[in-house]
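Residues 0 to 101 in numbering that gives the first Met the number 0 are what the sequence shown lists, from first letter to last.
Glycine included, each C-beta is placed from N, C-alpha and C at the ideal position.
Note that the structure is predicted; figures quoted are calculated from it, not measured.
Heads up, the thing below is written out as structure tokens.
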Amino acid sequence: MADSKNDDRLCIRCGHLTEKKDMYCISCGAPVTNRCLSVGTLLGDPCSYVCNEQTAFCPRCGSHTAFYQAGLVSSPYPENKVLQTDELDEMNWFNHRFFLDD
Numbered sequence: 000m001a002d003s004k005n006d007d008r009l010c011i012r013c014g015h016l017t018e019k020k021d022m023y024c025i026s027c028g029a030p031v032t033n034r035c036l037s038v039g040t041l042l043g044d045p046c047s048y049v050c051n052e053q054t055a056f057c058p059r060c061g062s063h064t065a066f067y068q069a070g071l072v073s074s075p076y077p078e079n080k081v082l083q084t085d086e087l088d089e090m091n092w093f094n095h096r097f098f099l100d101d
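Written as structure tokens, this is what we have:
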């Protein structure tokens with residue numbers, strides 16, 4: 000185990016003590032960090048925002064979190080990312096004169 004108490008975390012599913020570097024609980028296999036699972040858009044990077052333990056949807060992009068996907072937290076509501084731009088709208092950047100032949 001780690002030397003400092005700050006480096007240790009409890010698994011939200013089984014309560015096993017995990018090290019800070021661990022991504023999954025070695026006892027039950029549950030994720031120990033509640034990250035956003037958004038894979039990004041055509042031109043955007045994945046979100047990967049670290050959310051708190053009770054979060055079912057990312058506060059930055061609205062995607063499911065790792066704990067939601069693993070069934071560790073729940074929500075009566077479906078994923079609803081209405082504020083994100085459409086990928087086709089992002090392709091319009093290629094219509095910029097920088098990309099066009101003169």
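- Taken through DSSP and simplified to helix, strand or coil, Phe66 comes out as helix.
- DSSP places Thr17 inside the beta strand (DSSP E), whose first and last residues are 16-18.
- In this structure, the alpha-carbon of Thr17 lies about 50 angstroms from that of Phe98.
- The beta carbon of Ser26 is closer than 6 angstroms to those of Cys13, His15 in its chain, skipping five residues each way along the sequence.
- Relative to the Cα of Ala29, the nearest Cα in the group Glu52, Pro77, Cys57 belongs to Glu52.
- Looking only at Asn79, Ser73, Asn33, Leu41, the smallest Cα-Cα distance to Thr64 is reached by Asn33.
- Linking Ser73 to Gly61 through their CA atoms gives a straight-line distance of about 14 angstroms.
- The continuous stretches of beta strand (DSSP E) do not include Leu41, and DSSP gives it neither H nor E.
- Here the alpha carbons of His95 and Leu42 stand approximately 15 angstroms from one another.
- Looking at the DSSP output, Leu9 shares a beta bridge with Leu16.
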